Amino acid sequence: MVTIGKINTLEVYKFVDFGAYLDGEQYGPILLPKKYMPEHIEIEDTIDVFVYLDSEDRLIATTESPKAMVGDFALLTAKDVNDFGAFMDWGLIKDLFVPFKEQKLKMQPGKDYWVYVYIDDKTERIVATAKIGRYLSQTEPQLSVGDEVEIRVHSKTDLGYKVIVNNAFWGVIYANEVFEPIQIAERRTGFVNAIRDDFKLDIRLQKSGFAKVPDVQKQILQALKQHNGFLPLHDKSTPDDIQDTLNMSKKTFKMAIGILYKGGYITIEQNGIRIV
368 MVTIGKINTL
378 EVYKFVDFGA
388 YLDGEQYGPI
398 LLPKKYMPEH
408 IEIEDTIDVF
418 VYLDSEDRLI
428 ATTESPKAMV
438 GDFALLTAKD
448 VNDFGAFMDW
458 GLIKDLFVPF
468 KEQKLKMQPG
478 KDYWVYVYID
488 DKTERIVATA
498 KIGRYLSQTE
508 PQLSVGDEVE
518 IRVHSKTDLG
528 YKVIVNNAFW
538 GVIYANEVFE
548 PIQIAERRTG
558 FVNAIRDDFK
568 LDIRLQKSGF
578 AKVPDVQKQI
588 LQALKQHNGF
598 LPLHDKSTPD
608 DIQDTLNMSK
618 KTFKMAIGIL
628 YKGGYITIEQ
638 NGIRIV
């Protein structure tokens, strides 16, 4: 079944001067314009395409990938604004429309806005809304503390960073849990640190406590190998020195070198650690 607003794998149905028609199943033939056609394709070959409505509301296919698909949250730039709404750059020739009623504040050309992409029930067109909160779940997440999740960095706040978790929930990474640069709109892996009463999630970028030590051990050993087997870091080093060198907290560093020392992987000297 073909899904509008998503990547579909479709079979080449027939060729015409201006492109190729693909088997759109329940929608019938869907045009793939000539400029998007890969070289050397033949009848009955399959091709991955994004399916959407063109400016005349006809189904069309493209091999270009949009910056967001139906069901996605995305930070997009407003290209043009009029009394009816805003037109966002989402990587395709036809811009993504945000109706005026779906804007939190009137959008300004050239500025970036978080939107959620969906299909309008009345027009069946792909549109977007800046009122993204209604598309984030208000129910209890089926997650547990320690679970690995996918996050999208939404914005910086006084507390730290607001994030979208698993494309479904609000979360926060507290500033004192951030040990590396973070970019707005970046996709990352995170870990559930707590589930709050309002069903929002506290997120960490690293596994907590001893659960993350095995990965950290490998990181320290790799750093030792890159520095001729010695690092001038020890339990008296400042948190900043450890952070600058290894991109981890002092607490994590001390736990990891303790395990490495007991395992016979390193020796702890007065002025640093050395690989065995």
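Residue numbers (the working numbering): 368 to 643.
Cβ atoms here follow ideal geometry from the backbone N, Cα and C, with glycine treated the same way.
Small disclaimer: the values here were computed from a predicted structure and weren't measured.
- [ ] Please go through the same chain and pick out, in chain order, the residues whose beta-carbon is closer than 8 Å to the beta-carbon of N638, but skip the five residues on each side of it.
- [x] P599, H601
Open item on the list: List, from N- to C-terminal side, the beta strand (DSSP E) runs of 3 residues or more that fit wholly inside the region 406-442.
Closed with: 413-420, 426-429
TODO: Drop a sphere of 10 angstroms on the beta-carbon of Y480, count the other beta-carbons inside from all chains shown, and report buried for 16 or more, exposed for fewer.
DONE: buried
Open item on the list: Bridge partners for A387 per DSSP, in chain order?
Closed with: F382, L399
- [ ] Indicate whether the contact test is met: 3 or more Cβ pairs, each with one atom in the region 461-479 and one in the region 496-506, closer than 8 Å.
- [x] yes
Open item on the list: Can you tell me which residues form a DSSP beta bridge with S511?
Closed with: Answer by DSSP bridge pairing: none, since S511 is not bridged.
Task: Exposed unless 16 or more other CB atoms sit within 10 angstroms - verdict on L472 - done: exposed
Task: Between the CA atoms of S422 and D384 - distance to the nearest angstrom - done: 21 Å
- [ ] Might you give, ordered along the chain, the residues of its own chain that have their beta carbon closer than 7 Å to the beta carbon of T556, omitting 5 neighbours on each side?
- [x] E515, E517
TODO: Less than 8 Å between the CB atoms is what I'm expecting for A428 and L377, so what's the real figure, rounded?
DONE: 7 Å
Open item on the list: Please state the DSSP three-state secondary structure of M622.
Closed with: helix
- [ ] Could you name the residues of the same chain whose beta carbon sits closer than 8 Å to that of P396, not counting the 5 residues immediately before and after it, in chain order?
- [x] Y380, K381, Y388, L389, D390
TODO: Please state whether DSSP places N375 in a helix, a strand or coil.
DONE: strand
Task: Buried or exposed by the 16-neighbour rule on C-beta atoms within 10 Å, applied to P433 - done: buried
Task: Entirely enclosed alpha helix (DSSP H) segments - the region 471-536, minimum 4 residues - done: none
Open item on the list: So if DSSP puts F464 in a beta bridge, which residue, or which two residues, is it bridged to?
Closed with: F454, V494
Open item on the list: Which residue marks the beginning of the beta strand (DSSP E) containing T370, and which one marks its end?
Closed with: Element bounds for T370: n/a, residue is neither H nor E.
Task: Option nearest K523 by Cα separation, candidates V539, Q509, K478 - done: V539
- [ ] Apply the 10 Å Cβ neighbour rule to A542 and answer buried if 16 or more other Cβ atoms are within range, or exposed otherwise.
- [x] exposed
Open item on the list: Check whether the region 557-575 and the region 500-516 touch, using three or more Cβ-Cβ pairs below 8 Å as the test.
Closed with: yes
TODO: Select from L399, L443, K373, D412 the residue whose C-alpha is nearest the C-alpha of I551.
DONE: L443
- [ ] For R571, I'd like the list of residues in its chain whose CB is within less than 6 Å of its CB, leaving aside the five on either flank, ordered along the chain.
- [x] E544, F558, N560
Task: Residue interval of the beta strand (DSSP E) (run including L568) - done: 568-571
TODO: Using the DSSP secondary-structure output, state which residues sit across from I640 in a beta bridge.
DONE: L598, I635
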